[in-house]
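S.K.:
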Amino acid sequence: MTTLTIDVADLDSVKDSMKAAFRGEPQGCSYSFRSEERLLSILTANRWAILKALTGAGPLGVRELARRVGRDVKGVHTDTQLLANCGLIDKTEDGKLHLPYDEVRVQLVAKAAA
140 MTTLTIDVAD LDSVKDSMKA AFRGEPQGCS YSFRSEERLL SILTANRWAI LKALTGAGPL
200 GVRELARRVG RDVKGVHTDT QLLANCGLID KTEDGKLHLP YDEVRVQLVA KAAA
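140 is the number of the first residue of the sequence shown in our numbering; add one for each residue after it.
1) Taking residue 141 as the reference, give the member of 200, 167, 184 and 220 with the closest Cα.
2) Which same chain residues, not among the five before or five after residue 221, have their C-beta less than 6 Å away from its C-beta?
3) Starting from residue 171, follow the alpha helix (DSSP H) in both directions and report where the run begins and ends.
4) Which value, in whole angstroms, describes the spacing of the CA atoms of residue 161 and residue 150?
5) Would DSSP call residue 194 helix, strand or coil?
6) Would you say residue 171 and residue 145 are within 9 Å of each other, going by their C-beta atoms?
7) Note down, in chain order, each residue of its chain lying with its Cβ closer than 6 Å to the Cβ of residue 216, except the 5 sequence neighbours on either side.
8) Beta-carbon separation of residue 248 and residue 178 under 9 Å?
9) Tell me which same chain residues have a C-beta within less than 6 Å of the C-beta of residue 243, skipping the five on either side of it?
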């Protein structure tokens, strides 16, 4: 099973992960935002529903995706354009939408102030 982990990480953490990957250490599949605010502005409830519908589904057209999430085609098209432009979902050569993972996890962590 392939899992995508969406989280928040600063640039130094991302660089450290890249260096570890170059050394051959498995890192898993991840997508990092620079801030919680950015993650939450991109992953709205409607866009999260799109990611859930695409998870493990194979490539889908916008109309089929809209049917699966119970929304209008124009709104789903707008949201999938944003998700594709930021790299969270892929578009196939024939224009279908694809998320090549069997599972998607979102990690947000709140810690007590030091």
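For each residue, glycine too, the CB sits at the ideal point set by N, CA and C.
M.R.: Let me spell this out:
1) As a working mapping, residue 141 is identified with position 2 in the sequence shown. For the residues 200, 167, 184 and 220, the minimum Cα distance to residue 141 belongs to 167.
2) Within the sequence shown, numbered from 1, the residue matching residue 221 stands at position 82. Cβ neighbours of residue 221 within its own chain (closer than 6 Å, five residues either side excluded): none.
3) Indexing the sequence shown from 1 puts residue 171 at position 32. Per DSSP, residue 171 lies in no alpha helix (DSSP H) segment; the continuous beta strand (DSSP E) that holds it begins and ends at 168-172.
4) On the sequence shown, residue 161 is found 22 positions in, with the first residue counted as 1. On the sequence shown, residue 150 is found 11 positions in, with the first residue counted as 1. Going by the C-alpha atoms only, they are around 17 Å apart.
5) In the sequence shown, residue 194 corresponds to position 55, counting from 1. Three-state result, residue 194: strand.
6) Here residue 171 is taken as the residue at index 32 of the sequence shown, counted from 1. Here residue 145 is taken as the residue at index 6 of the sequence shown, counted from 1. Remark: C-beta atoms of residue 171 and residue 145 approach each other more closely than 9 Å.
7) Along the sequence shown, one-based indexing puts residue 216 at 77. 201, listed in sequence order.
8) As a first step, residue 248 is located in the sequence shown; it is residue number 109 there, counting from the start. As a first step, residue 178 is located in the sequence shown; it is residue number 39 there, counting from the start. No, the Cβ-Cβ distance between residue 248 and residue 178 is not below 9 Å.
9) Taking the sequence shown and counting its residues from 1, the one referred to as residue 243 is at position 104. The residues are 143, 190 and 194.
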